[in-house]
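> My numbering puts the first residue of the sequence shown at 29, with every later residue one more than the last.
Where is the CB? At the ideal position from N, CA and C, for every residue including glycine.
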Amino acid sequence: MDLMRGVVDPELGSNLVELGMARGAQVSDDGQVRVEIALTTSGCPLRAQIQRDVKARLESLPGVAKVRIVWAELTAEEKTAAMAKARFNVSQRAPDTAIGPTTKILMVASGKGGVGKSTISTNLAAALAAQGFNVGVMDADIWGYSVPRMLGVDGDLRSLDGKIVPLTRTIGDGRLEVVSMGHLVEREDSALMWRGLMLNRAVQHFCEDVRWGHDLDYLVIDMPPGTGDVQMGLAKMLPRAEMIIVTTPAVAAQKVAARVVDMGRKNYLRIVGVIENMSYLATADGEHQAVFGSGGGEALATEVGVPLLGRIPLEAAVADGADRGEPAALGDGAAAEALKSVARALSSQHVPPVEMAGCSARMLDAAVAALDATEVAEA
29 MDLMRGVVDP
39 ELGSNLVELG
49 MARGAQVSDD
59 GQVRVEIALT
69 TSGCPLRAQI
79 QRDVKARLES
89 LPGVAKVRIV
99 WAELTAEEKT
109 AAMAKARFNV
119 SQRAPDTAIG
129 PTTKILMVAS
139 GKGGVGKSTI
149 STNLAAALAA
159 QGFNVGVMDA
169 DIWGYSVPRM
179 LGVDGDLRSL
189 DGKIVPLTRT
199 IGDGRLEVVS
209 MGHLVEREDS
219 ALMWRGLMLN
229 RAVQHFCEDV
239 RWGHDLDYLV
249 IDMPPGTGDV
259 QMGLAKMLPR
269 AEMIIVTTPA
279 VAAQKVAARV
289 VDMGRKNYLR
299 IVGVIENMSY
309 LATADGEHQA
319 VFGSGGGEAL
329 ATEVGVPLLG
339 RIPLEAAVAD
349 GADRGEPAAL
359 GDGAAAEALK
369 SVARALSSQH
379 VPPVEMAGCS
389 ARMLDAAVAA
399 LDATEVAEA
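1) Throw me the rounded Cβ distance for the P341 and A312 pair, which I believe falls under 8 Å.
2) I need the boundaries of the alpha helix (DSSP H) containing T18, first residue and last residue.
3) Any chance you could list the alpha helix (DSSP H) runs of at least 4 consecutive residues sitting entirely within the segment 349-385, in chain order?
4) Under a three-way DSSP split, which group does K191 fall into?
5) Closest to A364 by C-alpha separation, out of A263, A155, Q377, would be which residue?
6) Please report how far the alpha carbon of V370 lies from the alpha carbon of A285, in whole angstroms.
7) Report the three-state DSSP secondary structure of L266 (helix, strand or coil).
8) Would you report the Cα separation of A269 and L134, rounded to the nearest angstrom?
9) Can you check DSSP and say which residues form a bridge with M271?
10) With 16 as the cutoff for other CB atoms within 10 Å, does D182 come out buried or exposed?
11) Give a yes or no on whether the C-beta atoms belonging to L31 and L40 are separated by under 8 Å.
12) Tell whether a beta-carbon distance below 8 Å holds between S149 and V136.
13) Would K94 and V61 qualify as a contact pair, given that the criterion is a beta-carbon distance under 8 Å?
14) Since I believe K191 is in contact with V238 (beta carbons under 8 Å), could you give me their beta-carbon distance rounded to a whole number of angstroms?
15) If I'm right that H378 touches G301 with Cβ under 8 Å, what's the distance once you round it to whole angstroms?
16) Could you please give me the residues that DSSP links to H1 through a beta bridge?
17) Using the DSSP secondary-structure output, state which residues sit across from Q54 in a beta bridge.
18) If you draw a straight line from the C-alpha of E304 to the C-alpha of D245, how long is it?
19) I think S146 touches V288, with their Cβ atoms under 8 Å apart; what is that distance to the nearest whole Å?
20) How about L134: is its C-beta nearer than 8 Å to some C-beta of chain C?
21) Can you tell me which of G292, A153, M306 puts its alpha carbon nearest to the alpha carbon of T275?
22) Less than 8 Å between the CB atoms is what I'm expecting for R203 and A157, so what's the real figure, rounded?
23) Leaving out the 5 sequence neighbours to the left and right, which residues in its chain are closer than 6 Å to G141 when beta-carbon positions are compared?
24) Hey, how far is the Cα of M221 from the Cα of W171?
25) Using 8 Å as the threshold, is the C-beta distance between S375 and Q159 below it?
26) Can you tell me whether K94 is helix, strand or coil according to DSSP?
27) Thinking C-alpha only, which one of I273, H242, A278, M291 is nearest G261?
28) Look up E205 in the DSSP assignment and give the residues it is bridged to.
29) Tell me where the beta strand (DSSP E) around I78 begins and ends.
30) For S132, which of I273, D348, A347, L266 has the nearest alpha-carbon?
31) Report all residues from its chain with a CB closer than 6 Å to the CB of D351; omit the five preceding and five following residues, and keep chain order.
32) Suppose the cutoff is 6 Å on Cβ atoms and the five residues either side in sequence are ignored; what does the same chain contact list for D348 look like?
33) Apart from the five residues on each side of it in sequence, which residues of its chain come closer than 8 Å, Cβ to Cβ, to G386?
34) Tell me the residue span of the alpha helix (DSSP H) that contains I249.
35) Do V36 and S42 come within 8 Å of each other at the CB atom, strictly closer than that value?
36) Select from V207, P335, V143, R229 the residue whose C-alpha is nearest the C-alpha of V193.
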């Protein structure tokens with residue numbers, strides 16, 4: 029059984045014993061070995077490869093004369109447990125990225141398009157920067173990139189020492205660092221018709237080959253809608269990321285958003301909370317009109333057991349600010365105040381920045397810098 033720990037399921041990436049696929053072994057006095065292997069499906073195309081690997085390892089053991097494999101199929105419960113274990117193992121083998129270890133990573137996700145996920149992403153990033161934080165913004169919505177226009181950060185990305193340099197914008201005492209496919213195409217209306225591997229390669233570049241500032245407090249990732257290739261790829265590359273779910277008050281949007289929560293948790297990502305966008309339209313006489321229904325955000329938060337971070341009203345200033353590259357969160361109004369409130373709650377309560385002032389390594393760096401400065405002054 030220990031030898032079979034060296035046999036890895038090529039698809040799931042974990043060994044047969046850990047996945048519960050190696051159910052047991054019987055060894056007779058004459059060296060005959062009988063092992064039972066349960067596959068995820070009886071018609072598994074990797075069966076021949078697994079058989080070769082199992083026999084090659086067991087037949088190398090002194091005293092083993094012959095190995096016979098008895099095939100079985102995992103039950104539904106066993107299959108669920110095996111997949112969960114495989115996903116957990118992947119989350120523990122994350123590749124190195126250019127994102128600093130103290131940077132808080134916030135994936136802003138939604139179950140479907142049209143709920144204002146990019147609007148929430150850009151406004152939260154701007155609001156956090158206005159608080160004095162250094163914030164990276166990764167536009168991972170490869171097909172539907174809109175972040176450059178919404179943040180007013182245009183231009184072409186350049187390379188320095190083999191790394192992509194983000195475009196920057198100063199907001200108050202804070203800073204935005206922005207990377208998007210919109211910075212790599214000639215025209216804003218250019219269509220990107222990419223699939224699977226190309227999509228994953230693009231977001232891998234954004235994680236590994238961008239010169240993100242070492243002092244970033246937050247990295248806000250505008251995710252594409254749904255639970256596809258990009259979402260799964262980022263979950264594997266950034267297992268310490270945390271997710272914010274955006275929905276509208278409509279029950280239909282709430283039910284779709286619940287799938288994103290399920291995807292995040294199956295990849296061991298923490299769900300920070302839910303933001304209900306386009307919650308109501310405030311009329312001139314102070315009434316609130318539920319244009320897109322009501323209660324979806326609160327219902328979703330209750331269903332999945334996370335806080336409702338905020339309800340953002342429907343307001344013309346939000347769309348106008350996005351078109352002009354001036355996020356509404358930097359202005360005034362009901363929507364601006366709601367967005368600022370969510371950003372303050374994130375930085376003070378739900379996802380506070382890492383405080384490094386008391387870190388012994390940081391204190392040592394400061395002491396060395398002080399000594400160097402003293403030596404220079406004396407010289």
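According to the data block:
1) Not confirmed; about 14 Å, so no contact.
2) Any question about residue 18 goes unanswered here, given that the chain covers just 29 to 407.
3) 362-373
4) strand
5) A155
6) 19 Å
7) coil
8) 6 Å
9) M135, I299
10) exposed
11) no
12) yes
13) yes
14) 7 Å
15) 6 Å
16) For residue 1 there is no data in the structure shown, the boundaries of the chain being 29 and 407.
17) R62
18) 25 Å
19) About 15 Å; that fails the 8 Å criterion.
20) Reference to chain C is not applicable here, since this structure consists of a single protein chain.
21) M306
22) 6 Å
23) P253
24) Any answer about M221 is weak, because its pLDDT of 48 lies below 50 and its placement is not dependable; what the coordinates show is given next. Spanning the two alpha carbons is a distance of roughly 7 Å.
25) yes
26) strand
27) M291
28) G164, T196
29) Element bounds for I78: not the beta strand (DSSP E) but the alpha helix (DSSP H), 75-86.
30) The residue asked about is misnamed: residue 132 is Lys in this sequence, not Ser. Out of I273, D348, A347, L266, L266 has the C-alpha closest to the C-alpha of K132.
31) none
32) none
33) With a pLDDT of 49 at G386, under the threshold of 50, the modelled position of that residue is not reliable, and the figure given next carries that caveat. Within the same chain, G386 has no close Cβ partners at all.
34) Element bounds for I249: not the alpha helix (DSSP H) but the beta strand (DSSP E), 246-250.
35) yes
36) V207
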